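A short worksheet on the structure shown next.
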Amino acid sequence: MTGRQGPAVSRRSLIGAGLGISAAGIAAAGSGQALAAGSGSAGRATEAGPLSAPARGRAFLAAAMDAYPDHGSIRLTQSYTDQAGLFSTAFTYDNALAILAHLAARRPESLARATALGDALLYAQTHDPAYDDGRLRQAYNVGPYTFYDGSLQPDGFVRADGTANVGTQFGFTGTAVGDMAWAGIALSALARRTGTRRFLTGAVRIGEWIERTGRTDEPLGGYKFGVDGANQPLPFTSTEHNTDLVCLFGRLARLTGQRVWLQRRARAEAFVRRMWEPAGGFFYTGTNDGVTINKSPIPEDTQTWTHLALGSRTGGYARALDWAVAELAVLDHAGRTNSTVPAGQSYEGVTFSSASLVAKEDAPIAEGQPKPDRNGVWFEGTAHLALALRDRGKRGDEARARRLLTSTERAQELLGAGQTVGGRALPERAGVVSASSPLDTGFGFGYYPYRHTGATAWYLMAAARFNPLRA
Numbered sequence: 163m164t165g166r167q168g169p170a171v172s173r174r175s176l177i178g179a180g181l182g183i184s185a186a187g188i189a190a191a192g193s194g195q196a197l198a199a200g201s202g203s204a205g206r207a208t209e210a211g212p213l214s215a216p217a218r219g220r221a222f223l224a225a226a227m228d229a230y231p232d233h234g235s236i237r238l239t240q241s242y243t244d245q246a247g248l249f250s251t252a253f254t255y256d257n258a259l260a261i262l263a264h265l266a267a268r269r270p271e272s273l274a275r276a277t278a279l280g281d282a283l284l285y286a287q288t289h290d291p292a293y294d295d296g297r298l299r300q301a302y303n304v305g306p307y308t309f310y311d312g313s314l315q316p317d318g319f320v321r322a323d324g325t326a327n328v329g330t331q332f333g334f335t336g337t338a339v340g341d342m343a344w345a346g347i348a349l350s351a352l353a354r355r356t357g358t359r360r361f362l363t364g365a366v367r368i369g370e371w372i373e374r375t376g377r378t379d380e381p382l383g384g385y386k387f388g389v390d391g392a393n394q395p396l397p398f399t400s401t402e403h404n405t406d407l408v409c410l411f412g413r414l415a416r417l418t419g420q421r422v423w424l425q426r427r428a429r430a431e432a433f434v435r436r437m438w439e440p441a442g443g444f445f446y447t448g449t450n451d452g453v454t455i456n457k458s459p460i461p462e463d464t465q466t467w468t469h470l471a472l473g474s475r476t477g478g479y480a481r482a483l484d485w486a487v488a489e490l491a492v493l494d495h496a497g498r499t500n501s502t503v504p505a506g507q508s509y510e511g512v513t514f515s516s517a518s519l520v521a522k523e524d525a526p527i528a529e530g531q532p533k534p535d536r537n538g539v540w541f542e543g544t545a546h547l548a549l550a551l552r553d554r555g556k557r558g559d560e561a562r563a564r565r566l567l568t569s570t571e572r573a574q575e576l577l578g579a580g581q582t583v584g585g586r587a588l589p590e591r592a593g594v595v596s597a598s599s600p601l602d603t604g605f606g607f608g609y610y611p612y613r614h615t616g617a618t619a620w621y622l623m624a625a626a627r628f629n630p631l632r633a
């Protein structure tokens with residue numbers, strides 16, 4: 163359960179086939195670009211008292227979306243703070259989550275932001291520099307920067323020629339089915355909330371691209387991973403991706419009234435169910451070849467998202483949440499090997515996968531990166547576990563979810579101070595870091611203590627009891 167089997171590929175890893183950058187370069191730039199943070203007014207106490215933890219999370223999402231005011235009104239949200247070394251990278255997945263978190267807030271200003279981000283995804287879909295087939299890329303640039311090799315990236319999200327600014331510098335040029343599915347989920351949620359046709363049209367185009375590109379008739383079935391930056395198909399099939407499609411295709415069936423989407427939903431769901439391990443009570447990660455199930459590592463999100471999408475409230479698949487709680491639980495503090503948590507603080511939650519718990523503590527996660535803490539808390543996963551427990555509602559689930567959210571709120575309060583977005587100070591104590599300490603996912607990449615759009619968005623949805631995966 164804890165070895166490494168098959169290629170180290172995940173939805174969150176680089177799937178571009180173009181120019182890459184070494185992890186050493188990312189780490190070096192990240193450590194050298196820190197700016198002193200001032201006091202953002204959005205994070206200060208008001209006459210009515212200090213802002214709540216969700217309000218500060220929303221303030222972070224707003225600041226990350228507004229970081230480049232001189233580079234166009236069509237914009238996406240920067241995914242990580244500058245210190246992560248990814249500059250103005252805006253991952254499609256993170257922006258889909260930001261849309262959903264804004265919708266969860268049910269505030270007029272949040273709806274306006276969700277709508278603007280949805281329109282930006284539609285712009286990317288219709289202004290790709292090479293394709294007009296409904297796809298979105300793994301990530302985009304949203305502001306100017308000087309790359310590690312000294313080359314200038316001068317544009318905002320919309321380039322001077324009107325095309326969307328694809329993240330070629332890091333090789334974020336491929337298209338993953340999971341990223342596309344989340345974008346479609348976000349657009350369909352906007353269509354349902356606003357009644358605006360253009361969002362449904364964009365979501366349908368995403369669904370059709372996935373059907374054309376991802377559908378497989380291999381023995382295990384389902385929908386495959388997507389394409390790399392050279393538009394070459396990737397051979398893997400992911401439980402997580404197909405779980406996303408259960409929601410997306412179900413939404414499209416409801417919103418369009420077309421039964422073909424129910425057939426496609428059934429195909430994706432059948433693959434997910436084939437990944438179930440009844441003896442252990444968990445879902446495997448997927449397959450590399452369409453024939454053999456990958457039995458290691460076992461990730462956290464295939465346990466929580468399956469529940470959120472399938473709605474298994476009692477028995478059966480709901481046991482996957484109990485597996486995640488029991489098998490992936492971690493407690494991080496300064497006494498842990500390679501921990502970066504300050505003395506006197508501790509954080510509880512879950513890690514990324516079974517492999518994270520046995521990561522090599524004497525070797526860096528990747529070239530130029532720090533050594534991993536086996537007890538590092540993955541706050542994105544901790545938040546969607548809290549949400550799934552709240553959704554399930556068994557005895558003790560709410561109390562456990564509340565502890566996980568309290569830990570996440572403490573991280574927002576205390577971790578990641580002084581970080582910036584677009585060189586600008588963030589609101590005080592705003593934004594959840596992706597991990598309490600450097601952690602190795604077991605899939606060839608790591609998470610680090612940088613404030614993160616995705617982790618913050620999942621926290622906000624969990625705090626609001628907003629399930630983004632229920633069709």
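Residue numbers (the working numbering): 163 to 633.
Where is the CB? At the ideal position from N, CA and C, for every residue including glycine.
As the structure is a computational prediction, the values presented were derived from the model and not from experiment.
Give every residue of the same chain whose Cβ lies closer than 8 Å to the Cβ of THR418, excluding the five residues on either side of it in the sequence, and list them in chain order. Correct list, in chain order: LEU362, VAL366.
Helix, strand or coil at THR502 [DSSP, three-state]: Here THR502 sits in coil by DSSP.
GLU439, DSSP secondary structure in three states: DSSP places GLU439 in strand when its eight states are reduced to three.
Beta-carbon contacts of GLY192 that lie in its chain and below 7 Å, excluding the five residues immediately before and after: Caution is warranted here: a pLDDT of 33 is assigned to GLY192, below 50, making its placement in the model unreliable, and no coordinate value can be reported.
Any idea what DSSP makes of GLY448, helix, strand or coil? Here GLY448 sits in strand by DSSP.
Quick one: complete alpha helix (DSSP H) runs, 4+ long, within the region 462 to 535? Runs of the alpha helix (DSSP H) lying entirely within the region 462 to 535 and spanning at least 4 residues, in chain order: 463 to 472, 481 to 489.
Give the DSSP-derived three-state secondary structure of ASP602 in the structure shown. Residue state for ASP602 is assigned as strand, using DSSP reduced to three classes.
Taking Cβ positions, are PHE253 and PRO459 nearer each other than 8 Å? With contacts defined by Cβ atoms closer than 8 Å, PHE253 and PRO459 do not form a contacting pair.
Going by CA-CA distance only, name the one from LEU396, GLU271, LEU601 that's closest to THR516. The question names Thr, but residue 516 is Ser in the sequence shown. Nearest to SER516 by alpha-carbon distance, out of LEU396, GLU271, LEU601, is LEU601.
Given this structure, state the Cα-to-Cα distance separating ARG632 from PRO231, to the nearest angstrom. Approximately 35 Å, taken between the alpha carbons.
Once DSSP output is grouped into helix, strand and coil, what is the label at THR325? Under the three-state reduction of DSSP, THR325 is assigned to coil, being neither helix nor strand.
Give me whichever residues DSSP pairs with SER350 in a beta bridge. Partner(s): none; SER350 has no beta bridge.
Quick check on the DSSP output: the alpha helix (DSSP H) that includes PHE361 runs from which residue to which? PHE361 -> alpha helix (DSSP H) spans 359 to 376.
Taking the beta carbon of SER203 as the centre, do at least 16 other beta carbons fall within 10 Å, making it buried, or is it exposed? Low local confidence applies: a pLDDT of 36 at SER203 is under 50, so the model's placement there is unreliable, with the coordinate-based value given in what follows. Its Cβ having fewer than 16 others within 10 Å, SER203 is exposed.
Out of curiosity, what's the CA-to-CA distance linking ALA215 and SER501? Using only the alpha carbons, I get a separation of about 25 Å.
Own chain, CB closer than 8 Å to HIS469, minus 5 neighbours either side, in chain order: Setting aside the 5 residues that flank it on each side, HIS469 is surrounded in the same chain by TYR479, ALA480, ALA482, LEU483, ALA550, ASP553, ARG554, each with a C-beta closer than 8 Å to its C-beta; the list follows chain order.
With 16 other CB atoms within 10 Å as the buried threshold, where does LYS386 fall? Here LYS386 is buried, its C-beta having at least 16 other C-beta atoms within 10 Å.
Quick check: what's the CA-CA separation for ALA525 versus GLY538? If you take the alpha carbons of ALA525 and GLY538, they lie about 15 Å apart.
Reducing DSSP to helix, strand and coil, say where ALA338 ends up. Here ALA338 sits in strand by DSSP.
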